[in-house]
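Novice: Chains as they are written, first to last, in the numbering used here: chain A, 665 to 856; chain B, 81 to 448.
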C-alpha cells in the first residue's frame, strides 16, 4: 500500500486519471485530493463564503470523482476540476438562494457559458520574438513584467520599486501578459 | 532558435499555501504562488477565497482514503502519534501568539493575528450588541465626518484595464525643476495629488461612494415597526394599548446608503455602522459599507475590525478607496502598536507619491 502510494505520487494527473479508469483504485483519488483539494476549497470559499459549506462542497466534489472520472474523457484534469468546482458552487448558490449572491451566480454562469478555463495551450516562440513583444508594451506594463518575470521579484518588491499599488502591479502584469499573448499569437497565425 | 516557454506547472501545495497565508513562506514559495496567481485561472481564484479566510484551510481534512474523507493517516501506528503531535502543535501556536510578530506580508497582515474574522463581524445579532456596548474613542482622535471630508483625495476615473494604450495616469504630476535663483522659486509649486477609481463613483453628503446602481437591483430588507390602533389624542382611553405591527420593506440600495451616510455625517457612528453591516449582509463585497464601516469601527476603538474592513478596500479589484484605506489602515496599526507593520505600509504610501504621501512621511518620522 505504502509503495503503491509513493508510485502514484510520481504520476501526472492525466496518468492518474487513465490508471483510475482502468483499475478504479480509490487511492488514486486520494492522491488527486492531496494535490488539489486546497484549491477546490479556495474556489468554494470565494463563492460560498462559508467554511462549512465549502468543506462539504470539497467532500462532495471528490467523492463524485469516483464515478465522474470513469464516465468522462478528461484531457486536462486541472481545468476540468476547476469547471466542476465552479459548477458545484453555482448549484449550491442557486439552491441556497441567499440574498446578495446574485452577482456571484451571474459570474459563475458567465464563466461556465463561455468555457473560460486556463489556457494550457503552449506557444512555441523565440526569445527574440518575446523580447520584441515586451518592448512594445506600454511603460508601466513593461516595467512590471520585467521586474516580476525576468528579475523574479515578488509583487511587494515590484510595488516598492515602482511605487505602484499592489492592485496596480497585478493589473499591469495581467494586462501585459494578455497583450503579449495577443501580439505573439497574431505573429504565429499561419497564412491562410 | 525556438524555445518552449510553457514549462509544466506544478500548483502550490497545501503546506506552501499555508505558509504563504501565515507570512512564513520563503521567497521562492512566495514567488511561486504569486506567479500562479498572475497566471489567472484555478490558482488565482482559489487564492482569492483562501486569502479572504486564511484560517479556514486548517479545517479541511488532509487526506481522502478509500474514497472517504479521513483526517487521520492510515495505519494504527500513526494513530498513536496523532494526539501528541496535535498537543505539541497547540502549544507551539499558543507560544507563537504570545510573541509580538513582525508584519511581513501585506496580504496577511490585516488578517493574521486578528481575532475577528469577517464571518464573526457579519453575525448580525452578536455584532449589533457589540456595537451598542462599544465606547467611542476620544473626540480629538476620532476620524469625524469633517476630517473624512477634508482628508478625501480628489478622485478621477481611470481605466487601468484598457490594453495597449498607456491610459493609466500617474498619481502625481512630474515635479518641475526648481530654479535655485530667486526667492519665488524656493517654494515648490503645490501639486494636486489625485486618486483613481476604476469604477463609477458619486458623492453623498460630500463623501465619495461607489455607484453600484447598475449592479444592485434587489433592495435592502428592513423591518419596521408600524404603530396601529387609535392615536392617543383622539382615543377615548378605552383601548388598553396600541398594537404594533412588524412590517418588512425593501428600500432601494441608494436610499438606504443615503441614510447611512447621513448618520455618518452627523458623527452617529454606532447607528451608521449598524446599517453598513446590514448592507454587507445583502452585498458582502460592498466597498462603501466596508470603507465607511471601517472608519466607524476606528472611532469605536475596534481597530482590529477596522483593519479587516480596510483590507477589503485595499485588496479589491475596485480601486476607489485603495489609497484612503491604506492610510487609515496604517493609523489602525499604530493604534494596535504594530509599528513594524505600520512603518512598512507608510513607506509604501510614501513611495506611491499619492495624496497621503506627505502625511505618511510625517508619521514615519514620528514613529522612528
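Yeah, the Cβ is synthetic: ideal placement off N, Cα and C, and Gly gets one too.
Taking 9 Å as the CB-CB cut-off, is residue 850 of chain A touching chain B?
Specialist: no
Novice: Hey, residue 706 of chain A and residue 129 of chain B are a contact pair by Cβ (cut 8 Å); roughly how many whole angstroms apart?
Specialist: 4 Å
Novice: Determine the chain B residues that contact residue 710 of chain A at a beta-carbon separation under 8 Å, and present them in chain order.
Specialist: 125, 126, 128, 129, 132
Novice: At a Cβ threshold of 9 Å, is residue 683 of chain A touching chain B?
Specialist: no
Novice: Name the two residues that bound the continuous alpha helix (DSSP H) containing residue 826 of chain A.
Specialist: Where residue 826 of chain A is concerned, the enclosing alpha helix (DSSP H) starts and stops at 819-826.
Novice: If we ignore side chains and look at the alpha-carbon of each, how far apart do residue 138 of chain B and residue 93 of chain B end up?
Specialist: 14 Å
Novice: Please list the terminal residues of the continuous alpha helix (DSSP H) segment that includes residue 118 of chain B.
Specialist: 107-118
Novice: Does the stretch 98-110 of chain B come within contact of the stretch 833-840 of chain A, defined as at least 3 CB pairs closer than 8 Å?
Specialist: no
Novice: Less than 9 Å between CB atoms is the rule here; does residue 783 of chain A satisfy it with respect to chain B?
Specialist: Residue placement at residue 783 of chain A is poorly supported in this model, since its pLDDT is 45, which falls under 50; the coordinates still yield a value, given next. Yes, its Cβ sits closer than 9 Å to a Cβ of chain B.
Novice: Pull up the distance between the alpha-carbon of residue 735 of chain A and that of residue 687 of chain A, whole angstroms please.
Specialist: 14 Å
Novice: Taking 8 Å as the limit between beta carbons, can you name the residues of its chain near residue 336 of chain B, skipping five residues before and five after?
Specialist: 299, 300, 302, 355, 358, 359
Novice: Just mark residue 167 of chain B as buried or exposed, buried being the case when its beta carbon has 16 or more other beta carbons within 10 Å.
Specialist: exposed
Novice: Return the bridge partner residues of residue 303 of chain B from the DSSP annotation.
Specialist: According to DSSP, residue 303 of chain B bridges with B:328.
Novice: Compute the beta-carbon to beta-carbon distance between residue 847 of chain A and residue 806 of chain A, rounded to the nearest angstrom, for a pair I have assumed lies under 8 Å.
Specialist: No, residue 847 of chain A and residue 806 of chain A are not in contact; Cβ-Cβ is about 12 Å, not under 8 Å.
Novice: Using CA atoms only, rank isn't needed, just tell me which of B:231, B:289, B:427 is closest to residue 829 of chain A.
Specialist: Comparing Cα positions, the closest option is B:427.
Novice: How long is the line joining the alpha carbons of residue 780 of chain A and residue 407 of chain B, rounded to whole angstroms?
Specialist: The predicted position of residue 780 of chain A is uncertain, since its pLDDT is 47 and thus under 50; no value can be drawn from it.
Novice: Along chain B, in chain order, which residues have C-beta atoms closer than 8 Å to that of residue 838 of chain A?
Specialist: 118, 120
Novice: Against residue 107 of chain B, what residues of chain A qualify as contacts under a CB-to-CB distance less than 8 Å, listed in chain order?
Specialist: 818
Novice: Can you list, in chain order, the residues of the stretch 687-718 of chain A whose Cβ is nearer than 8 Å to any Cβ on chain B?
Specialist: Within the stretch 687-718 of chain A, the residues whose Cβ lies closer than 8 Å to some Cβ of chain B are 690, 691, 693, 694, 697, 698, 699, 700, 701, 702, 703, 704, 705, 706, 707, 708, 709, 710, 711, 713, 714, 715, 718, listed in chain order.
Novice: Rounding to the nearest angstrom, what Cα-Cα distance links residue 126 of chain B and residue 752 of chain A in this structure?
Specialist: 14 Å
Novice: For residue 246 of chain B, which three-state DSSP category applies?
Specialist: Only weak support is given to the placement of residue 246 of chain B: the predicted model assigns it a pLDDT of 29, under 50, and the value that follows is read from those uncertain coordinates. Coil.
Novice: Between which two residues does the alpha helix (DSSP H) carrying residue 228 of chain B extend?
Specialist: 225-230
Novice: Quick one: what does DSSP say residue 171 of chain B is sitting in, helix, strand or coil?
Specialist: helix
Novice: On the DSSP bridge list, what partners appear for residue 284 of chain B?
Specialist: B:287
Novice: Anyone know if the C-beta pair for residue 409 of chain B and residue 435 of chain B falls short of 9 Å?
Specialist: no
Novice: Residues of the stretch 724-749 of chain A in Cβ contact with chain B at a cutoff of 7 Å, in chain order, please.
Specialist: 726, 727, 730, 742, 746
Novice: Please classify residue 283 of chain B: is it buried, with 16 or more other beta-carbons within 10 angstroms of its beta-carbon, or exposed?
Specialist: exposed
Novice: Kindly list, in the order they appear in chain A, the residues whose Cβ is closer than 7 Å to that of residue 350 of chain B.
Specialist: Correct list: empty, because the minimum Cβ distance to chain A is about 23 Å.
Novice: Between the Cα of residue 677 of chain A and those of A:716, A:720, A:739, spot the shortest distance and give me the residue it belongs to.
Specialist: A:739
Novice: In terms of residues, what are the limits of the alpha helix (DSSP H) holding residue 275 of chain B?
Specialist: Unbroken run through residue 275 of chain B is the beta strand (DSSP E), 274-277; no alpha helix (DSSP H).
Novice: Please decide whether residue 240 of chain B counts as near chain A, where near means a Cβ-Cβ distance under 9 Å.
Specialist: Bear in mind that a pLDDT of 45 at residue 240 of chain B, under 50, signals an unreliable position, so the model cannot answer this.
Novice: Mapping the DSSP letters down to three states, classify residue 165 of chain B as helix, strand or coil.
Specialist: helix
Novice: Quick one: Cα of residue 96 of chain B to Cα of residue 273 of chain B, how far?
Specialist: 39 Å
Novice: Which whole runs of the alpha helix (DSSP H) in the stretch 793-822 of chain A are 4 residues long or more, in chain order?
Specialist: 803-809
Novice: Per DSSP, what kind of secondary structure is residue 837 of chain A in: helix, strand or coil?
Specialist: helix
Novice: Pull up the distance between the alpha-carbon of residue 110 of chain B and that of residue 832 of chain A, whole angstroms please.
Specialist: 18 Å
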